[in-house]
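Counted from 1, the sequence shown has number 430 at position 211 by my numbering; the numbering is strictly sequential.
Using N, Cα and C, we set each Cβ at its ideal position, and we do this for glycine too.
First the structure, in the form of C-alpha cells, and then the observations on it.
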Amino acid sequence: MEQKKTPFSQKLPLFVAIASALAIVGGTLCYKHIYDTGYKMVKDQEAGEVGTYSKNVNVLLTRPDDWHKISADTLKINSSDLKKIDGSTATIPITAELARQFCDVDDSVIETYIDHNTTGPAYENLILGHENKKLIFVTEPSDEELALAEENNVEMDVTPVALDGFVFITHKDNPVESLTVEQVQKIYSGEITNWKEVGGNNEKIIPYQREKNSGSQTAMENIVMNGIPMMKPAESYYEVTAMGELIDYISAYHNSESSLGYTFYYYLNNLYKSEDVKVLKINGISPDNEQLISGEYPFTSAYYAVTVKNGDKKAQEIKDFLLTDTGQEMIQLAGYCPVR
C-alpha cells in the first residue's frame with residue numbers, strides 16, 4: 220500500500236527550524252574562524268569596494284601621480300579588443316592601462332573593461348579557443364599547459380614584456396631578514412624544518428604552497444626549485460588557492476611568525492598590500508628594479524604576452540607595441556619594471 224505523503228506546508232516549520240539551526244551554527248563557525256585566524260582585508264585608504272573583475276585584489280587600480288597620455292598613434296584599440304585579453308591577477312594593471320590609454324576609460328568604470336580569469340584558466344582559454352581570448356598576460360606556462368598546447372596542435376608565442384621579482388614573505392615580527400637560495404630549496408624540499416636552522420627562532424616553519432598550475436607555483440617549481448622535488452604540503456591548509464589568501468594567512472594567522480610563503484613582488488606592493496608582511500632578501504639582495512634588470516636578484520621573473528602563432532592580428536599588434544619604447548613606457552606607467 221502506498222504511503223500518503225506529508226504536504227510540504229506541514230513540513231515547512233521543521234524545514235525552517237533546521238535551516239535556522241544550520242545558519243546559526245554556520246555563522247558561529249565562520250565567526251570562530253575569523254576570530255581564530257585574525258583574518259582581515261587590508262584596504263588602501265582610497266580603494267573603496269573591490270571591483271568585480273577580481274575578488275582577490277583589495278587595492279583598486281589607481282593612476283600614478285606622474286600618469287600621462289603616451290604617444291601611440293600607430294595602434295588603435297577598442298573595447299572589443301580589450302575583451303579578447305585574459306590573464307593573471309597580477310597583470311590586471313597592464314590591461315587597465317591599455318584601457319586608459321586607448322579607450323579613455325575612467326577609473327570608476329575600468330573594471331568593466333577587464334576580464335582576467337587567472338593564469339591557468341587564461342592559458343586554457345587561449346589554447347582551446349574559449350571565450351574568444353586571443354592575448355593573455357601571464358607568467359610562464361607550466362609543463363601541463365605546454366602539454367595541452369601540444370595536444371591541441373597549438374604553437375604559442377611567449378614574449379616577456381615586464382620583469383618582476385619572485386619573492387618570499389613572512390610576518391614582520393619574524394627576526395629572519397634574508398635566506399639563501401639553498402636554504403629556500405631545502406625548506407621546500409623538507410630538509411630544513413625549523414627557523415633556528417636559518418638564524419631565526421626555535422619554531423617550526425610553516426611553508427605555504429600554491430595550487431598546481433597557478434602562476435606562482437609554476438614560478439616556484441621552475442625558477443626556485445630548478446628540478447628539485449617539492450615536498451607535499453604537510454597539512455591541507457598549507458596549500459592555498461589564491462595569492463591574496465596566502466598573504467592573509469601570513470599577515471594574520473595565529474602562527475604567522477612561523478609562516479613562509481611566496482608571491483610576486485608587484486602583486487604584493489601594488490595589488491594586495493599588507494603592513495604585517497615583510498619581503499625576505501635572497502642572498503642578501505632585495506628585488507628592486509635595478510637588481511631585476513641586472514639579474515643580480517636570484518629569482519627574477521617576467522610577465523609574458525602570449526598569443527597563438529599566426530593567430531589574431533590585433534593581439535599580435537598589441538604585443539608588438541608593448542615591446543616598443545612607447546609600450547615599455549606604458550608598462551612603467553602601470554607600475555612594472557620594463558624588460559629593458
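Query	Result
Euclidean distance between Cα positions of I550 and Y407	33 Å
Proximity of V417 and Q402 at Cβ, strictly below 8 Å	yes
For N336, the three-state DSSP class (helix, strand or coil)	coil
Simplified DSSP state of A521, which is helix, strand or coil	strand
Proximity winner among K533, Y555 and S298, relative to A521 (alpha-carbon distances)	Y555
Spatial neighbours of M220 in its chain, beta-carbon cut-off 6 Å, leaving aside the 5 residues before and after	Confidence is the limiting factor: at M220 the pLDDT is only 46, short of 50, which leaves the residue's position unreliable, though a coordinate-based value still follows. So the list is empty, once near-sequence residues are dropped.
Counted within 10 angstroms of its Cβ, other Cβ atoms place L347 as buried (16 or more) or exposed	exposed
Contact the stretch 318-336 vs the stretch 479-498: 3+ CB pairs below 8 Å	no
Rounded separation between I296 and V373 - CA only	25 Å
Inter-stretch contact at 8 Å, needing at least 3 Cβ pairs: the stretch 357-366 / the stretch 436-451	yes
6 Å CB neighbourhood of T314 in its chain, flanking five on each side removed	I304 and I333
Completely contained alpha helix (DSSP H) runs for the stretch 352-427, where each covers 4 or more residues	362-370 and 400-408
According to DSSP, residues forming a beta bridge with K500	S397
Three-state secondary structure (DSSP) of S298	helix
Cβ distance (whole Å) where P506 is taken to contact V386 below 8 Å	5 Å
CA-to-CA distance, A553 to S493, given in whole angstroms	20 Å
Integer-rounded CB distance, given that G530 should sit under 8 Å from K353	6 Å
G446 versus G409 - alpha carbon distance	15 Å
Close-in-space but distant-in-sequence residues of the same chain around N371 (CB under 8 Å, 5 per side omitted)	I346 and L347
H349 burial status per 10 Å Cβ neighbour count (16 or more: buried)	exposed
Rounded C-alpha distance that separates I504 from F518	10 Å
Contacting residues, own chain, Cβ-Cβ under 6 Å from V244 (five flanking each side not counted)	Per-residue confidence for V244 stands at a pLDDT of 40, beneath the threshold of 50, marking its modelled position as unreliable; the derived number appears in the next sentence. The answer is none, since no qualifying residue turns up.
Helix, strand or coil at R559 [DSSP, three-state]	coil
Residues near E476 by beta carbon distance below 8 Å, same chain, minus five either side	T389, H390, D392, N393, N420 and E422
CA-to-CA distance, T399 to Y516, given in whole angstroms	11 Å
Beta bridge counterpart(s) of S477 as assigned by DSSP	Beta-bridge pairing links S477 to no other residue.
Pick from T526, K532 and V395 that is closest to T378, judged by C-alpha positions	T526
D305 (DSSP reduced to helix, strand or coil)	strand
Selection from N413, N432 and N336 that minimises the alpha carbon distance to P426	N413
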